[in-house]
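What follows is a single structure, written as structure tokens, with notes after it.
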Amino acid sequence: MGARTRGSRHQRLVYLQEHLRELRQLAEGDGLPLIGYFVEMAYIEACDTVRKERPFDASVGNNNVPHPALARD
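Note that the sequence shown ends on residue 73 in our numbering; no numbers are left out.
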């Protein structure tokens, strides 16, 4: 089964986002700042894409969610 048939686009983006966050943490933990930087840029792009493609839900209060890059793990 191909990647396009497994789950929705949103689910695949969230999957990528989660793994990019883990990779960023690994790179930073191993003292690889440049790799960490590039992975973080990909993570931010994934977060922005998820946010743009997510339908607006007024009950969630999305306007007060900090940018993921500012919320360090």
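Glycine residues also receive a C-beta, built at the ideal position from the N, C-alpha and C atoms.
In the DSSP assignment, the alpha helix (DSSP H) including residue i goes from what residue to what residue?
| i | result |
| --- | --- |
| R9 | 9-29 |
| R54 | Careful: R54 lies outside any alpha helix (DSSP H) and carries neither H nor E. |
Between the alpha carbons of residue i and residue j, how many angstroms are there, rounded?
| i | j | result |
| --- | --- | --- |
| L26 | G36 | 8 Å |
| L34 | V14 | 24 Å |
| C47 | R24 | 14 Å |
| R9 | R54 | 11 Å |
Exposed or buried, residue i, counting other C-beta atoms within 10 Å across all chains shown (16 or more means buried)?
| i | result |
| --- | --- |
| L32 | exposed |
| R12 | exposed |
| E40 | buried |
Kindly indicate which residue of the options has the alpha-carbon position closest to the one of residue i.
| i | options | result |
| --- | --- | --- |
| E18 | F38, A42, E28 | A42 |
| L20 | R51, K52, R9, F38 | F38 |
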